[in-house]
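**Student:**
Protein chains in written order, with our numbering: chain A, 1 to 147; chain B, 1 to 147.
Take a look at the structure:
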């Protein structure tokens, strides 16, 4: 666990915010170093696959030259949606720290719990890590939208 | 419903097979026309995101210039895994025809049922469509691996 990594994910989230995107950011860490970063750019890219986590996974696979992200940890500011939770399982990320809980779409316990007996190994999940920072950013964004 | 669309998805699956990939193929249809195709190329691209469905969704978003695939149907030879089922929900595909059931990873009823009350609208799901063709292709592939 390392606060710096979540702060880096928050920096990514701020990049999304500056583009008017829902502010979510993620980093992937291997052997104590950040190897990939991503932020939500669904509107910018007009692409449903361009969430923070999938952007980071795409980059990490390129960096490692493998679809298996064994030994990698993800730090992400929001609890992953089903697509991103699935991408985390299928890429074999070993642990996930997430900030804000997502009661509506979160797939690591809030809306759905992903459980595949005899299938994927479930990563270690640490929810609510540095949640105040992560929630604050999202709250401010949605408050701005309602103005 | 149209057999031609599943046959086109099977053609995609055969492209994967020829590359030594798990043979899964998908097409996306809008207004009675195929607008995007995809096949599993996870090994070829060394990328965890390169499943048949996500490849097709990526292309369909590019074709339509939007992350919202409203009014689109997907035909896919295998029941979608969590990542792909999530990508289908988040891109708002309205219906999915899938061929073979996947007891281990399938997220439209077999291993997990995706249900998000107050969240995503669940697409119309038609499972087991032309299942013999789709299962046969997968069975032959895995039989070959065990030889």
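Even for Gly, the Cβ is constructed at its ideal location relative to N, Cα and C.
The structure displayed is predicted, hence computed values, not measured ones.
Report the option in A:97, A:78, A:21 and A:12 whose CA atom is closest to the CA atom of residue 141 (chain A).
**Tutor:** Start at 1 with the first residue of the first chain, and residue 141 (chain A) comes out as number 141. The residue with the shortest Cα to Cα distance from residue 141 (chain A) is A:21.
**Student:** Looking at residue 62 (chain B) and residue 51 (chain B), is the spacing between their C-beta atoms short of 8 angstroms?
**Tutor:** Position 51 of the second chain, counting from 1, holds the residue named residue 51 (chain B). Position 62 of the second chain, counting from 1, holds the residue named residue 62 (chain B). Against a cut-off of 8 angstroms, the Cβ pair of residue 62 (chain B) and residue 51 (chain B) comes out as no contact.
**Student:** I want to verify the contact list: residues of chain A whose CB lies under 8 angstroms from the CB of residue 66 (chain B), in sequence order.
**Tutor:** Residue mapping note: residue 66 (chain B) aligns to position 66 of the second chain, counting from 1. Neighbours of residue 66 (chain B) on chain A, chain order: 46.
**Student:** So, does the stretch 112-119 of chain A touch the stretch 69-79 of chain A, judging by three or more C-beta pairs under 8 angstroms?
**Tutor:** No: fewer than three Cβ pairs fall under 8 angstroms.
**Student:** Is residue 112 (chain B) close to chain A, meaning its C-beta is less than 8 angstroms from at least one C-beta of that chain?
**Tutor:** Within the second chain, numbered from 1, the residue matching residue 112 (chain B) stands at position 112. Judged by the 8 angstroms Cβ criterion, residue 112 (chain B) is in contact with chain A.
**Student:** Taking the C-alpha atoms as reference points, what is the distance between residue 45 (chain B) and residue 15 (chain B)?
**Tutor:** Within the second chain, the letter at position 45 stands for residue 45 (chain B). Within the second chain, the letter at position 15 stands for residue 15 (chain B). Each residue's alpha carbon lies about 14 angstroms from the other.
**Student:** Using 8 angstroms as the limit for Cβ to Cβ distance, is residue 118 (chain A) near chain B?
**Tutor:** The sequence position of residue 118 (chain A) within the first chain is 118, counting from 1. Yes, contact with chain B.
**Student:** Please state the DSSP three-state secondary structure of residue 107 (chain A).
**Tutor:** Start at 1 with the first residue of the first chain, and residue 107 (chain A) comes out as number 107. Coil.
**Student:** Taking the C-alpha atoms as reference points, what is the distance between residue 93 (chain B) and residue 102 (chain A)?
**Tutor:** Taking the first residue of the second chain as position 1, residue 93 (chain B) is located at position 93. Taking the first residue of the first chain as position 1, residue 102 (chain A) is located at position 102. Spanning the two alpha carbons is a distance of roughly 22 angstroms.
**Student:** Distance cutoff 8 angstroms, beta carbons only. Does residue 130 (chain B) sit that close to anything in chain E?
**Tutor:** Reference to chain E is not applicable here, since the protein chains of this structure are A and B.
**Student:** Just list the residues that DSSP pairs residue 74 (chain B) with in beta bridges.
**Tutor:** Locating residue 74 (chain B) in the second chain gives position 74, where the first residue counts as 1. Per DSSP, B:28 and B:96.
**Student:** Apart from the five residues on each side of it in sequence, which residues of its chain come closer than 6 angstroms, Cβ to Cβ, to residue 29 (chain A)?
**Tutor:** The count along the first chain starts at 1 and reaches residue 29 (chain A) at position 29. Within the same chain, residue 29 (chain A) has close Cβ partners 5 and 73.
**Student:** Are the C-beta of residue 82 (chain B) and some C-beta of chain A separated by less than 8 angstroms?
**Tutor:** The sequence position of residue 82 (chain B) within the second chain is 82, counting from 1. Yes, contact with chain A.
**Student:** Taking Cβ-Cβ distances shorter than 9 angstroms, what residues in chain B pair up with residue 58 (chain A)?
**Tutor:** For this step, residue 58 (chain A) is matched to residue 58 along the first chain. The answer, in chain order, is 47, 48 and 49.
**Student:** Does DSSP put residue 122 (chain A) in a helix, in a strand, or in coil?
**Tutor:** The sequence position of residue 122 (chain A) within the first chain is 122, counting from 1. In this structure, residue 122 (chain A) counts as coil in the three-state DSSP scheme.
**Student:** Would you please state the rounded distance, in angstroms, between the beta carbons of residue 18 (chain A) and residue 57 (chain B)? I believe it to be under 8 angstroms.
**Tutor:** The residue given as residue 18 (chain A) occupies position 18 in the first chain. The residue given as residue 57 (chain B) occupies position 57 in the second chain. That pair is no contact at about 26 angstroms.
**Student:** For residue 139 (chain A), which option in A:99, A:109, A:114 and A:112 has the closest C-alpha, if you only look at C-alpha atoms?
**Tutor:** As a working mapping, residue 139 (chain A) is identified with position 139 in the first chain. With distances taken between Cα atoms, residue 139 (chain A) lies closest to A:99.
**Student:** Which of the three DSSP states is assigned to residue 19 (chain A) in this structure?
**Tutor:** Along the first chain, read from residue 1 onward, the residue named residue 19 (chain A) stands at position 19. Three-state result, residue 19 (chain A): coil.
**Student:** Which residue marks the beginning of the alpha helix (DSSP H) containing residue 36 (chain A), and which one marks its end?
**Tutor:** In the first chain, counting from the first residue as 1, residue 36 (chain A) sits at position 36. Where residue 36 (chain A) is concerned, there is no enclosing alpha helix (DSSP H), although the beta strand (DSSP E) it sits in stretches over 33-39.
**Student:** Looking at the secondary structure, which residues open and close the alpha helix (DSSP H) in which residue 54 (chain A) lies?
**Tutor:** For the purposes of this step, residue 54 (chain A) is identified with residue 54 of the first chain, where counting begins at 1. Taken as a continuous stretch (DSSP letters only), the alpha helix (DSSP H) holding residue 54 (chain A) covers 52-64.
**Student:** Pull the bridge partners of residue 113 (chain A) from the DSSP assignment, please.
**Tutor:** As a first step, residue 113 (chain A) is located in the first chain; it is residue number 113 there, counting from the start. Answer by DSSP bridge pairing, in chain order: A:108.
**Student:** Would DSSP call residue 144 (chain B) helix, strand or coil?
**Tutor:** Along the second chain, one-based indexing puts residue 144 (chain B) at 144. Note: residue 144 (chain B) maps to helix in three-state DSSP.
**Student:** Using the Cα positions of residue 97 (chain B) and residue 132 (chain B), report the straight-line distance between them to the nearest angstrom.
**Tutor:** Numbered from 1 along the second chain, position 97 holds the residue referred to as residue 97 (chain B). Numbered from 1 along the second chain, position 132 holds the residue referred to as residue 132 (chain B). Residue 97 (chain B) and residue 132 (chain B): Cα-Cα distance of roughly 14 angstroms.
**Student:** By Cβ distance below 8 angstroms, which residues in the same chain neighbour residue 3 (chain B) in space, the five residues on each side in sequence not counted?
**Tutor:** By 1-based counting over the second chain, the position of residue 3 (chain B) is 3. Around residue 3 (chain B): 130.
**Student:** Whose C-alpha, out of B:125, B:54, B:47 and B:31, is nearest the C-alpha of residue 25 (chain B)?
**Tutor:** Indexing the second chain from 1 puts residue 25 (chain B) at position 25. Nearest C-alpha to residue 25 (chain B): B:54.
**Student:** Buried or exposed: residue 124 (chain A), going by 16 or more other Cβ atoms within 10 Å of its Cβ?
**Tutor:** In the first chain, residue 124 (chain A) corresponds to position 124, counting from 1. Its Cβ having fewer than 16 others within 10 Å, residue 124 (chain A) is exposed.
**Student:** At a CB-CB cut-off below 8 angstroms, which residues of chain A make contact with residue 104 (chain B)?
**Tutor:** Numbered from its first residue, the second chain carries residue 104 (chain B) at position 104. Result: 116, 118 and 119.
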